[in-house]
Amino acid sequence: MTSQGGGDGRYVLKSEWSSDSKFFVFSTFSAGAHSSWNFKTFVYSVDANKFVSVDEKVRPVTDERFQLISPHTLQVETLNPSGIDFPSFKRTIDVATLFR
């Protein structure tokens with residue numbers, strides 16, 4: 102994932118298909134090391150043929166090591182509403198709900 106100029110972008114750190122092959126999930130890290138605490142995570146839906154950002158739909162993701170549980174439940178660590186200096190929250194999400 103690069104910017105148009107090629108100077109910025111994101112590295113994909115982890116990627117995985119859901120067990121039902123309906124969703125593709127991947128976490129990223131800033132190529133410029135900006136917001137090093139944030140591992141923007143995206144989900145692609147085969148049925149909707151589009152990507153959504155978990156960070157925008159739920160909360161900013163703070164750990165690249167998400168877990169996919171059959172058939173398409175996602176567990177991620179997200180930013181505490183009190184800020185980066187507080188423990189992250191573990192969230193469990195049915196990724197299908199991100200596309201409604």
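The numbering of the sequence shown is the numbering used here, which starts it at 102 and goes up by one.
Note that CB positions come from ideal geometry on N, CA and C, so glycine has one too.
Keep in mind the model is a prediction, meaning the values are calculated, not measured.
Quick check on this structure: which residue in the options has the alpha carbon closest to the alpha carbon of residue i?
{"i": "L114", "options": "N181, S137, F127 and I194", "result": "F127"}
{"i": "D148", "options": "F125, Q105, I185 and S116", "result": "F125"}
{"i": "Y112", "options": "G184, S137 and S131", "result": "S131"}
{"i": "L172", "options": "S154, K123 and V162", "result": "Note on identity: in this sequence residue 172 is Pro, with Leu being the wrong assignment. Cα-wise, what sits closest to P172 is K123."}
{"i": "I185", "options": "W138, S154 and T174", "result": "W138"}
How about residue i and residue j: do their beta carbons lie closer than 7 angstroms?
{"i": "T179", "j": "F187", "result": "no"}
{"i": "E117", "j": "F140", "result": "no"}
{"i": "Q176", "j": "T193", "result": "yes"}
{"i": "V196", "j": "V144", "result": "yes"}
Between the C-alpha atoms of residue i and residue j, what's the straight-line distance to the nearest angstrom?
{"i": "P182", "j": "D121", "result": "32 angstroms"}
{"i": "T198", "j": "F152", "result": "13 angstroms"}
{"i": "R201", "j": "D156", "result": "16 angstroms"}
{"i": "N150", "j": "S119", "result": "15 angstroms"}
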